[in-house]
Amino acid sequence: MRQKHILLGISASISAYKAADLTNELTKRGYAVDVLMTQNSTKFITPLTLQTLSKRPVHTDVMVEQRADLVNHIALAKRADLLLIAPATANIIGKLASGIADDMVTTVAMALEVKVPKLIAPAMNTYMYQNPVTQKNLVTLKEFGYKEIEPREALLACGDFGRGALATNETIVKAVEATLSQRSL
Numbered sequence: 001m002r003q004k005h006i007l008l009g010i011s012a013s014i015s016a017y018k019a020a021d022l023t024n025e026l027t028k029r030g031y032a033v034d035v036l037m038t039q040n041s042t043k044f045i046t047p048l049t050l051q052t053l054s055k056r057p058v059h060t061d062v063m064v065e066q067r068a069d070l071v072n073h074i075a076l077a078k079r080a081d082l083l084l085i086a087p088a089t090a091n092i093i094g095k096l097a098s099g100i101a102d103d104m105v106t107t108v109a110m111a112l113e114v115k116v117p118k119l120i121a122p123a124m125n126t127y128m129y130q131n132p133v134t135q136k137n138l139v140t141l142k143e144f145g146y147k148e149i150e151p152r153e154a155l156l157a158c159g160d161f162g163r164g165a166l167a168t169n170e171t172i173v174k175a176v177e178a179t180l181s182q183r184s185l
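Okay, so the sequence shown: first residue is 1 according to the UniProt record's numbering, each after it adds one.
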């Protein structure tokens, strides 16, 4: 049986540090995990950490092609069995809902075949999550086939308490495995 290929998109949230454990857990479960990062997410966690845990190159720049014989963002999209964006900021959600492809995460997401499952795990301040624009963008993404892994209610890094904390890695991994098992049927 072919190893399942997961694209893990990381956007610039304080919860980006949790992507290390998530990458490690998915890799230990036998998935090939290619990490895609926005430039600003690299200020929260280094690509080297994620490369070490995934045992694969980390992709941070659309304009950097690792091989001259292929277009990196297209090749990554063609191999994908699933796209997971965790954490997903209001910014990345808005870009995806609007069709903006100006970083590695959004460009690869736009290059995916429609049938590839897409999971999005928001992480942001409660008021940003509740903002009507964010909620409208999430509805739009659901119409495009994305499934939301809803954020938790918790004490947030900014000091506010409310819904906006990244779902637990256990919840995210369960969603990944459920989605991939449904796709295998």
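Note that the Cβ used here is the ideal one computed from N, Cα and C, for glycine as well.
Excluding five sequence neighbours on each side, which residues of the same chain lie with their C-beta closer than 7 Å to the C-beta of residue 40? The residue labelled residue 40 in the question sits at position 40 within the sequence shown. Only residues of its own chain outside the window of five on either side were considered, and among them 12 have a CB closer than 7 Å to the CB of residue 40, listed in chain order.
Taking residue 164 as part of the alpha helix (DSSP H), name the residues at either end of that continuous run. Counting from 1 along the sequence shown, the entry for residue 164 is found at position 164. Not the alpha helix (DSSP H): residue 164 falls in the beta strand (DSSP E), residues 161-165.
If you run the structure through DSSP and keep just helix, strand and coil, what is residue 127? For the purposes of this step, residue 127 is identified with residue 127 of the sequence shown, where counting begins at 1. Secondary structure of residue 127 (DSSP, three-state): helix.
Three or more C-beta pairs under 8 Å: does that hold for the stretch 88-97 against the stretch 49-68? When Cβ pairs closer than 8 Å are counted between the two stretches, the stretch 88-97 is seen not to touch the stretch 49-68, the count staying below three.
With DSSP run on the structure shown, which of helix, strand or coil describes residue 139? On the sequence shown, residue 139 is found 139 positions in, with the first residue counted as 1. In the structure shown, residue 139 sits in a helix (DSSP, three-state: H, G or I).
What is the DSSP secondary structure of residue 29, counted as helix, strand or coil? Start at 1 with the first residue of the sequence shown, and residue 29 comes out as number 29. Three-state DSSP puts residue 29 in coil, outside helix and strand.
What distance in whole Å lies between the Cβ atoms of residue 32 and residue 56, which are believed to be in contact at a cut-off of 8 Å? Here the question's residue 56 lines up with position 56 in the sequence shown. Here the question's residue 32 lines up with position 32 in the sequence shown. Distance from residue 56 to residue 32 at the Cβ level is roughly 7 Å; contact confirmed, criterion being Cβ atoms closer than 8 Å.
Considering Cα atoms alone, identify which of 174, 169 and 177 is closest to residue 23. Sequence index remark: in the sequence shown, residue 23 carries index 23 (1-based). Answer by Cα proximity: 169.
Cβ shell of residue 164 (< 6 Å), same chain only, five flanking positions each side left out: Here residue 164 is taken as the residue at index 164 of the sequence shown, counted from 1. Excluding sequence positions up to five before and after residue 164, its CB lies within less than 6 Å of the CB of 124, 125, 126, 129, 151 and 156, all in the same chain and listed in chain order.
Given a threshold of 16 other Cβ atoms within 10 Å of its Cβ, counted over all protein chains shown, does residue 139 qualify as buried or as exposed? Against the sequence shown, residue 139 aligns to sequence position 139. Taking all protein chains in view, the Cβ of residue 139 is surrounded by fewer than 16 other Cβ atoms within 10 Å, so the residue is classified as exposed.
Along the chain, where does the alpha helix (DSSP H) that runs through residue 75 open and close? Mapped onto the sequence shown, residue 75 falls at position 75. DSSP places residue 75 in the uninterrupted alpha helix (DSSP H) bounded by 72-79.
Collapsed DSSP secondary structure at residue 18 in the structure displayed: Taking the first residue of the sequence shown as position 1, residue 18 is located at position 18. If DSSP states are grouped into helix, strand and coil, residue 18 belongs with the helices.
Can you give the Cα-Cα distance for residue 162 and residue 21, rounded to whole angstroms? Taking the sequence shown and counting its residues from 1, one reaches residue 162 at position 162. Taking the sequence shown and counting its residues from 1, one reaches residue 21 at position 21. In a straight line, the C-alpha of residue 162 is about 23 Å away from that of residue 21.
Using the C-alpha atoms, what's the distance from residue 160 back to residue 110? Translated into the one-based positions of the sequence shown, residue 110 becomes position 110. Translated into the one-based positions of the sequence shown, residue 160 becomes position 160. Each residue's alpha carbon lies about 33 Å from the other.
Where the beta strand (DSSP E) through residue 12 begins and ends: The count along the sequence shown starts at 1 and reaches residue 12 at position 12. DSSP places residue 12 outside any beta strand (DSSP E), giving it a letter other than H or E.
Once the 5 residues before and after residue 137 are set aside, which same chain residues still bring their CB inside 6 Å of it? Locating residue 137 in the sequence shown gives position 137, counting from the first residue. Cβ neighbours of residue 137 beyond the five flanking positions: 93, 94 and 97.
When you compare the CB positions of residue 34 and residue 62, do they come within less than 8 Å of one another, or not? Along the sequence shown, one-based indexing puts residue 34 at 34. Along the sequence shown, one-based indexing puts residue 62 at 62. Cβ atoms of residue 34 and residue 62: not closer than 8 Å.
First and last residue of the alpha helix (DSSP H) that includes residue 90? Numbered from 1 along the sequence shown, position 90 holds the residue referred to as residue 90. Residues 90-98.
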